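Asker:
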Amino acid sequence: ACCSYRLRDALHPLWQSPLTIPGGTRQSPINIQWRDSVYDPFLKPLKISYDPATCLHIWNNGYSFLVEFDDSTDRSIIVGGPLENQYRLKQFHFHWGAINEWGSEHTVDSKFYPAELHLVHWNAVVYPTFEEAVMEGNGLAVIGVFLKLGEHHEGLQTLVDALPAVKHKDTVIEFDVFDPSCLIPSCPDYWTYAGSLTTPPLTESVTWIIKKKPIEVDENQLEAFRMLLFTSDGEEEKRMVDNFRPLQPLMNRTVRSSFQ
Ligand SMILES: C[C@@H](CNC(=O)c1ccc(S(N)(=O)=O)cc1)Cn1ccc2ccccc21
Ligand SMILES: [Zn+2]
Numbered sequence: 010a011c012c013s014y015r016l017r018d019a020l021h022p023l024w025q026s027p028l029t030i031p032g033g034t035r036q037s038p039i040n041i042q043w044r045d046s047v048y049d050p051f052l053k054p055l056k057i058s059y060d061p062a063t064c065l066h067i068w069n070n071g072y073s074f075l076v077e078f079d080d081s082t083d084r085s086i087i088v089g090g091p092l093e094n095q096y097r098l099k100q101f102h103f104h105w106g107a108i109n110e111w112g113s114e115h116t117v118d119s120k121f122y123p124a125e126l127h128l129v130h131w132n133a134v135v136y137p138t139f140e141e142a143v144m145e146g147n148g149l150a151v152i153g154v155f156l157k158l159g160e161h162h163e164g165l166q167t168l169v170d171a172l173p174a175v176k177h178k179d180t181v182i183e184f185d186v187f188d189p190s191c192l193i194p195s196c197p198d199y200w201t202y203a204g205s206l207t208t209p210p211l212t213e214s215v216t217w218i219i220k221k222k223p224i225e226v227d228e229n230q231l232e233a234f235r236m237l238l239f240t241s242d243g244e245e246e247k248r249m250v251d252n253f254r255p256l257q258p259l260m261n262r263t264v265r266s267s268f269q
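The sequence shown begins at 10 in this note's numbering and counts up by one.
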């Protein structure tokens, strides 16, 4: 009875999978305690070069909405920062809350942001496919950008205007020109640490690069995220909100900063 209680306790409704991976030592997300992060002067600036023409479509996958890119060539890549190789952009997506008090996956000094953007890249120099990279410690690199309530974000609005077309799970629409660098703050400062995917299979394959500066979006733009649905057309509607994983233990990890 006791162990099943513990297991039941650890299952999180949204993911129907264990909250903590047995034996997991580098799970994400985490709280970033600013004063415990260690400045690393050897961290390089992150170089981002995306080709807007590699944008393919927007897809509601029932967890979030993803903007997917053609990752069959090295046209949209990041290099530098903490990375040994260049990594190819595959998709970006967001996590957000039902209200502005929470929604991000990472926190800074235990503060939640209303939403968080993840730009997902994979190490195509070393691994032949994304699926293989997902299983390797240096397979993925995800840039995290916090969203805070403020000014209207022009670049995001083109994305927001397309969301009603992917309201339901498993809907997709063509989205053919978008440059995601418009969603990344120009300030070069970031934190970096070794972590994992925050949704199944939760593999410990992600080098996280979390931008220090948030981008500003307005209330209508956050509300547009919240009108998406987890559910398919015809099912009882469940609003797509609070699609963030709970914080995971830091364990034996140091968060490095690119700035003093
Ligand atoms: C990776 C999954 C698909 N999931 C992702 O690509 C992904 C990307 C980024 C994040 S986050 N929120 O951390 O930025 C989370 C998930 C496919 N898949 C499912 C099982 C599975 C097994 C082997 C290979 C691929 C597999
Ligand atoms: Zn994510």
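Here a beta-carbon is modelled for each residue, glycine too, at the ideal position from N, C-alpha and C. Since the structure is predicted, the reported quantities are computational estimates derived from the model, not experimental observations.
Within 10 Å of its beta-carbon, does Ala142 have 16 or more other beta-carbons around it, so buried, or fewer, so exposed?
Answerer: Residue 142 sits at position 133 when you count from the first residue of the sequence shown. Buried.
Asker: Apart from the five residues on each side of it in sequence, which residues of its chain come closer than 6 Å, Cβ to Cβ, to Cys191?
Answerer: Locating residue 191 in the sequence shown gives position 182, counting from the first residue. Gly164, listed in sequence order.
Asker: Check Leu158 in the structure and name its three-state DSSP category.
Answerer: Position 149 of the sequence shown, counting from 1, holds the residue named residue 158. Note: Leu158 maps to strand in three-state DSSP.
Asker: Report all residues from its chain with a CB closer than 7 Å to the CB of Ile30; omit the five preceding and five following residues, and keep chain order.
Answerer: For the purposes of this step, residue 30 is identified with residue 21 of the sequence shown, where counting begins at 1. Once the five neighbours on either side are set aside, the close Cβ partners of Ile30 are Gln36 and Leu211.
Asker: Reducing DSSP to helix, strand and coil, say where Val135 ends up.
Answerer: Against the sequence shown, residue 135 aligns to sequence position 126. In this structure, Val135 counts as coil in the three-state DSSP scheme.
Asker: Run the proximity test for Glu232: is its beta-carbon closer than 6 Å to any non-hydrogen atom belonging to ligand 1?
Answerer: For the purposes of this step, residue 232 is taken as residue 223 along the sequence shown, with counting starting at 1. No - ligand 1 has no heavy atom lying nearer than 6 Å to the Cβ of Glu232.
Asker: Is it true that the segment 238-249 meets the segment 50-67, where meeting means three or more beta-carbon pairs spaced less than 8 Å apart?
Answerer: Cβ pair count under 8 Å is below three, so no.
Asker: Beta-carbon distances below 5 Å to any heavy atom of ligand 1 define the shell here; list its residues in chain order, please.
Answerer: Checking every Cβ against the heavy atoms of ligand 1 under 5 Å gives His127, Val129, Glu140, Val143, Val151, Leu206, Thr207, Thr208 and Pro210.
Asker: With DSSP as the reference, identify every bridge partner of Arg97, one or two as the case may be.
Answerer: Within the sequence shown, the letter at position 88 stands for residue 97. Paired residue(s): Ile86 and Trp131.
Asker: Between which residues of its own chain and Asp83 is the CB-CB distance below 8 Å, once the five residues before and five after are set aside?
Answerer: Here residue 83 is taken as the residue at index 74 of the sequence shown, counted from 1. Excluding positions up to five away in sequence, the list reads Gln95, Arg97 and Ala133.
Asker: Can you name the start and end residues of the beta strand (DSSP E) that Ala203 belongs to?
Answerer: Here residue 203 corresponds to residue number 194 of the sequence shown, with the count starting at 1. Element bounds for Ala203: Tyr199 to Gly204.
Asker: Once DSSP output is grouped into helix, strand and coil, what is the label at Trp43?
Answerer: In the sequence shown, residue 43 corresponds to position 34, counting from 1. Here Trp43 sits in helix by DSSP.
Asker: Rounded to a whole number of angstroms, what is the C-alpha to C-alpha distance between Arg265 and Gly243?
Answerer: Reading the sequence shown from its first residue, position 256 is the one you call residue 265. Reading the sequence shown from its first residue, position 234 is the one you call residue 243. The alpha-carbon atoms of Arg265 and Gly243 are separated by roughly 47 Å.
Asker: Go to Phe78, then tell me how far its beta strand (DSSP E) extends in each direction, as first and last residue.
Answerer: To locate residue 78, count along the sequence shown from 1; it is residue 69. It spans Phe74 to Phe78 - the beta strand (DSSP E) in which Phe78 sits, taken as one unbroken run.
Asker: Cβ atoms of Lys99 and Phe139: under 7 Å apart, would you say?
Answerer: Translated into the one-based positions of the sequence shown, residue 139 becomes position 130. Translated into the one-based positions of the sequence shown, residue 99 becomes position 90. It is a contact, given that the beta carbons lie within the stated cut-off.
Asker: Using a Cβ-Cβ cut-off of 7 Å (strictly less than) and excluding sequence neighbours within five positions of Gly89, which residues of its own chain qualify?
Answerer: Walking along the sequence shown from the start, residue 89 turns up at place 80. Once the five neighbours on either side are set aside, the close Cβ partners of Gly89 are Lys53, Pro54, Leu55 and Lys56.
Asker: So, is Arg248 buried or exposed, given that buried needs 16 or more other C-beta atoms within 10 angstroms?
Answerer: Translated into positions along the sequence shown, residue 248 becomes position 239. Its Cβ having fewer than 16 others within 10 Å, Arg248 is exposed.
Asker: Which same chain residues, not among the five before or five after Asp49, have their C-beta less than 6 Å away from its C-beta?
Answerer: By 1-based counting over the sequence shown, the position of residue 49 is 40. These residues qualify, in order along the chain: Arg265.
Asker: Quick one: using the 10 Å Cβ neighbour count with 16 as the cut-off for buried, is Ile182 buried or exposed?
Answerer: The sequence position of residue 182 within the sequence shown is 173, counting from 1. Exposed.
Asker: Is the segment 219-237 touching the segment 104-124 in the sense that three or more CB pairs, one from each, lie closer than 8 Å?
Answerer: Yes: the two stretches touch, three or more of their Cβ pairs being nearer than 8 Å.
Asker: Tell me the rounded alpha-carbon separation between Pro38 and Gln257.
Answerer: Locating residue 38 in the sequence shown gives position 29, counting from the first residue. Locating residue 257 in the sequence shown gives position 248, counting from the first residue. Between Pro38 and Gln257, the C-alpha separation is close to 6 Å.
Asker: Where does Glu145 fall in DSSP's three states?
Answerer: By one-based count along the sequence shown, residue 145 stands at place 136. In this structure, Glu145 counts as coil in the three-state DSSP scheme.
Asker: For Cys12, collect the residues of the same chain with a Cβ closer than 6 Å to its Cβ; drop the 5 residues on either side in sequence, then sort them by chain order.
Answerer: As a working note, residue 12 is residue 3 in the sequence shown. Residue placement at Cys12 cannot be trusted, given a pLDDT of 41 that sits under 50; what the coordinates show is reported in the next sentence. Result list for Cys12: empty, nothing under 6 Å.
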